[in-house]
Amino acid sequence: MALLTEHEQRKVAEAIARVERDTDAELVTVLAARADDYAYIPLLWASLLALVVPGVVHYLTGILTMHSLLLVQWASFIVLCLVFRIPQVTTHLIPRSVRHWRASNLARRQFLEQNLHHTVGGTGLLIFVCEAERYVEILVDEGISRHVDGQCWDPIVATFTRQVKQGQTLQGFVTCIEACGELLKVHVPVTQVRNELPNRLVVLG
1 MALLTEHEQR KVAEAIARVE RDTDAELVTV LAARADDYAY IPLLWASLLA
51 LVVPGVVHYL TGILTMHSLL LVQWASFIVL CLVFRIPQVT THLIPRSVRH
101 WRASNLARRQ FLEQNLHHTV GGTGLLIFVC EAERYVEILV DEGISRHVDG
151 QCWDPIVATF TRQVKQGQTL QGFVTCIEAC GELLKVHVPV TQVRNELPNR
201 LVVLG
């Protein structure tokens with residue numbers, strides 16, 4: 001899947017700039033291609049299937065000699081490793097809970113790396129997306145969480161997640177930013193003009 005083009009990234013930056021005119025919140029957006037390379041997953045599945053499937057066939061039919069059984073297992077392992085390393089296939093081999101756990105960890109690391117916890121008044125807000133995991137999360141600092149109930153972000157995240165699944169990542173970002181802006185200008189209205197953090201979309205390849 002392709003990440004956003006430079007033109008599309010500018011659209012995201014423009015949406016952030018519009019929203020920040022009406023709120024003290026500092027919005028940062030991060031788009032990651034995937035949360036992890038999951039390199040161990042293809043090896044794990046290939047090893048398991050290469051050991052079990054030929055062994056079961058040999059047990060049930062007895063058509064394989066020990067020498068041919070070993071060759072089949074080796075060949076199966078090599079072929080399965082190559083197939084399972086295809087990104088689209090790898091994603092389906094990983095439990096959803098594992099994918100979301102990895103993505104959630106990356107979101108929290110990005111919150112710190114983008115210095116959202118150092119804003120004046122603790123008004124940092126991160127909109128984080130992992131495309132491969134189809135994962136969206138909004139993280140806010142205490143200056144926002146004091147005024148906005150955490151459940152208010154849930155429908156915004158749900159809408160954005162649906163758009164990411166449909167391949168509408170740009171529209172999802174713009175819609176999400178604008179929806180966040182509607183909440184923020186009411187609960188965290190602008191008191192002084194400042195721009196502590198860059199408005200650009202951070203892209204993690």
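The opening position of the sequence shown corresponds to residue 1 in the working numbering, with each subsequent residue numbered one higher. The beta-carbon is built from N, C-alpha and C at its ideal position, and this holds for glycine as well.
| request: State the CB to CB distance for the pair F173 and V12, rounded to an integer number of angstroms; the pair is presumed to be in contact (CB under 8 Å). | output: 5 Å
| field | Identity of the residues DSSP links to L125 by a beta bridge | value | L27, V140
| field | Assigned secondary structure, P189 (DSSP; H/G/I helix, E/B strand, else coil) | value | strand
| In chain order, what residues of the same chain lie with their CB nearer than 7 Å to the CB of A33, ignoring the 5 residues before and after it? | L3, E131, A132, L204, G205
| query | Between E26, L71, I16, V83, which lies nearest to T191 when the distance is taken from Cα to Cα? | reply | E26
| Between the C-alpha atoms of V28 and G167, what's the straight-line distance to the nearest angstrom? | 21 Å
| Apart from the five residues on each side of it in sequence, which residues of its chain come closer than 6 Å, Cβ to Cβ, to V202? | V30
| task | Identify, in the order they occur along the chain, each residue of the same chain with its Cβ nearer than 7 Å to the Cβ of A39, setting aside the five sequence neighbours on each side. | result | none
| said: Suppose contacts are defined by Cβ-Cβ distances below 8 Å. Is E137 in contact with S104 by that definition? | reply: yes
| request: Look at the Cβ atom of I144, then the Cβ atom of A179, and state whether they are nearer than 8 Å. | output: no
| query | Which residues mark the beginning and the end of the alpha helix (DSSP H) in which V57 is found? | reply | 40 to 61
| request: Could you please give me the residues that DSSP links to L201 through a beta bridge? | output: T29
| request: Rounded to whole angstroms, what's the CA-CA distance from S68 to R134? Just pull it up for me. | output: 42 Å
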